[in-house]
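The structure under discussion appears below in the form of structure tokens.
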Amino acid sequence: MNISVPRETAPGERRVALVPPSVALLTKAGLTVVVEAGAGQGAFHQDADYEKAGATVVSDAATLFRDADVVAKVQRPTDGEIGLIREGAVLIAFLYVAGNPAVVRRLAERHITAFAMDLIPRISRAQSMDAQSSQANIAGYKAVLIAASSLPKFFPMLMTAAGMVTAARVLVLGAGVAGLQAIATARRLGAQVWGYDVRPVVKEQVESLGAKFLQFQLSASDVEDTGGYAKELTEEDRVRQQQWLADQTKEFDVVITTALIPGRPAPRLITKETVARMRPGSIIVDLAAEAGGNCELTRADEVVVAHRVTIHGPTNLPSTMAVHASQLYARNVSELVKSIVKDGQLRLDFSDDILTAACVTHDGQIRIGTS
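Each residue of the sequence shown is one higher than the one before, starting from 24 at the first, in our numbering.
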């Protein structure tokens, strides 16, 4: 059973799908791991580290793809890479199928069985495979560091000989994994922190981290789907929420937005009019930039200054912390591999809820939305 790890080719991507300790565990289980030369370099893992862990390092990407039973990647493959993967092989990667239908069609045409790491269900049994959460944790942490380095103020309260400096006021919109990590990190840096989410059930989690919870009364009571994500609001609630947030955000130095709805454009929480009312010098870090942004003025991978407010739109913060991001992602991938390999052979059991939810293509068919 051959697990192949190619070097990532997406611009700016420094993560790798498997790190040497994960390779050692897989080879000990009787699997063969082949790594493309330089694949771990962005995460500071040398080819010699992989060889020491039991992997074979090859320089020819075409050979690596052709001989693979399972291809483990971080980012979705290019069309050229899909063409190199042999028919019947398994692909594991972040695929974000809603925004990449052409990739899905191509995978189906090639009879590749593709598992999307972003579709791993949020159930207890799948926690060790939940790559969305492991990477969101990193994004939430790094978002606060970006805000702190951009804000022309201290985060903590300080008592100095020259007088007292008040703590920064931070608002985190969205209390999922990224939002809760952002709250915790901002609190560690000494800021006063508030959290907001349309799901009242997360109030206890926000307050357990030492933050205050902002609550807004929606007309709908059912605001959470079966996967634990927030549902899309009605048009009436969406407009009311925007107006309410306009009054809230003007009181804060930093706003970190993390609201996402799987398979949909990011909900618009902050309008350009809201930005105009914010404090001069304040900061917005929009973690939904890749899905269109929670802020109307966000531009993906750009820093925009409008009305003396600085708006950051990063799209791949986990890659900026490639060492730990790769370590966590490799654990997620390894656990998924173990669930589809039995006694050294590929065994795809689609009665397993995890595999059914994460499988995008199989046997020439697109399986999204099927059971």
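Even glycine gets a Cβ: it sits at the ideal position worked out from N, Cα and C.
Tell me the rounded alpha-carbon separation between S82 and F88. 11 Å
Distance between beta carbons of A91 and S172, contact taken as under 8 Å: Going by Cβ atoms, the distance from S172 to A91 rounds to 41 Å, so no, they are not a contact pair.
Whole-angstrom distance between A190 and I115, CA atom to CA atom: 44 Å
Taking V193 as the reference, which of F177, A185, L181 and M187 has the closest Cα? F177
Give me the residue from I105, S157 and D72 with the minimum Cα distance to L351. S157
Beta-carbon separation (whole angstroms), V364 vs L54, contact threshold 8 Å: 7 Å
Could you tell me the boundaries of the alpha helix (DSSP H) in which H347 lies? A345 to I363
Y119: which of I105, G106, I143 and E110 sits nearest, CA to CA? I143
Within the continuous alpha helix (DSSP H) that includes I206, where are the two ends? V200 to R211
Where Q215 falls, given that 16 or more other Cβ within 10 Å makes a residue buried: buried
Measuring straight from C-alpha to C-alpha, what distance separates M24 and Q368? 6 Å
In three-state DSSP terms, what is S374? coil
Helix, strand or coil for F177 per DSSP? coil
With a threshold of 7 Å (Cβ to nearest heavy atom), would A329 be considered close to the ligand ZN? Ligands in the displayed structure: none, and consequently the ligand ZN is not present.
State the DSSP-derived secondary structure class of R30, mapped to helix, strand or coil. coil
How long is the line joining the alpha carbons of V383 and P179, rounded to whole angstroms? 46 Å
Could you check the C-alpha separation between M301 and Q271 for me, to the nearest Å? 9 Å
I need the straight-line Cα distance from L169 to A323, nearest angstrom please. It should be noted that the sequence gives Ile, not Leu, for residue 169. Whole-angstrom Cα-Cα distance: 15 Å.
Give every residue of the same chain whose Cβ lies closer than 7 Å to the Cβ of Y73, excluding the five residues on either side of it in the sequence, and list them in chain order. P43, V46, V58, G63 and V80
Let me check one thing: in DSSP terms, what residues is I389 bridge-paired to? T384
Using C-beta distances below 7 Å, list every residue in its chain close to E319, excluding the 5 sequence neighbours before and after it, in chain order. R291, I293, T294 and K295
Here's a check: name, in chain order, each residue in its chain whose Cβ is nearer than 7 Å to the Cβ of D102, leaving out the five neighbours to either side. R129
My assumption, with CB atoms under 8 Å, is that T281 sits in contact with G199. Please give the rounded CB distance. 6 Å
If you draw a straight line from the C-alpha of T333 to the C-alpha of V167, how long is it? 14 Å
Nearest-angstrom Cα separation, counted from L181 out to M344: 29 Å
Does the beta-carbon distance from S357 to G35 come in below 8 Å? no
Quick check on DSSP: helix, strand or coil for P43? helix
With a threshold of 16 other CB atoms inside 10 Å of the CB of A314, please say whether the residue is buried or exposed. buried
Exposed unless 16 or more other CB atoms sit within 10 angstroms - verdict on G392: Low confidence applies here, because G392 scores a pLDDT of 49, under 50, leaving its location unreliable and the question unanswered by this model.
On a CA-only basis, which of P29, I307, A348 and N339 is nearest A329? Give me that one, please. I307
Return the first residue and the last residue of the alpha helix (DSSP H) that A282 is part of. Note, A282: premise wrong, no alpha helix (DSSP H); not H, not E.
Span separating the alpha-carbon of H335 from that of A312: 9 Å
Could you give the C-beta distance for N317 and M140, rounded to a whole number, given that I count them as a contact under 8 Å? Incorrect: roughly 23 Å between the Cβ atoms, too far for contact.
Which residue marks the beginning of the beta strand (DSSP E) containing Q215, and which one marks its end? Q215 to Y219
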